[in-house]
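If you read the sequence shown in the UniProt record's numbering, its first letter stands for residue 1, the second for the next number, and so on.
Idealized CB from N, CA, C, for every residue including glycine.
Data block below; observations after.
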Amino acid sequence: MVANFALSSEMLYIAQNASRIARAYFEIVLRKGWSSTTHTCLLLSKCIERKMWDYQTPVCHFYQSFV
1 MVANFALSSE MLYIAQNASR IARAYFEIVL RKGWSSTTHT CLLLSKCIER KMWDYQTPVC
61 HFYQSFV
């Protein structure tokens with residue numbers, strides 16, 4: 001648990017904007033034509049939006065709520 005209010009508000013700001021930043025990286029490298037980097041940025045962006053890694057299944061979200 002984060003004790004400092006300022007730190008917790010900064011963490012909330014980062015969590016809200018991480019998806020936008022990752023999507024912006026994807027758009028930049030897509031326009032540059034860097035295919036392997038585009039694929040990596042797209043995977044990272046999708047992982048941030050879905051809040052899980054690409055090798056995980058959505059069932060992991062249900063497991064945490066039952067424990």
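Boundaries of the alpha helix (DSSP H) in which residue i is found, first to last residue
| i | result |
| --- | --- |
| Tyr25 | 5-32 |
Secondary structure of residue i, DSSP reduced to three states
| i | result |
| --- | --- |
| Lys51 | coil |
| Thr38 | helix |
Residue closest to residue i, alpha-carbon to alpha-carbon, out of the options
| i | options | result |
| --- | --- | --- |
| Ile21 | Asp54, Leu42, Thr57 | Leu42 |
| Ile48 | Asn4, Ser8, Arg23 | Arg23 |
| Lys25 | Thr57, Gln16, Tyr55, Leu44 | In the sequence under discussion, the amino acid at residue 25 is Tyr, which differs from the Lys named in the question. The shortest C-alpha separation from Tyr25 is found at Leu44. |
Cβ-based neighbour list, residue i, same chain, cut-off 8 Å, excluding 5 preceding and 5 following
| i | result |
| --- | --- |
| Asp54 | Leu43, Lys46, Cys47 |
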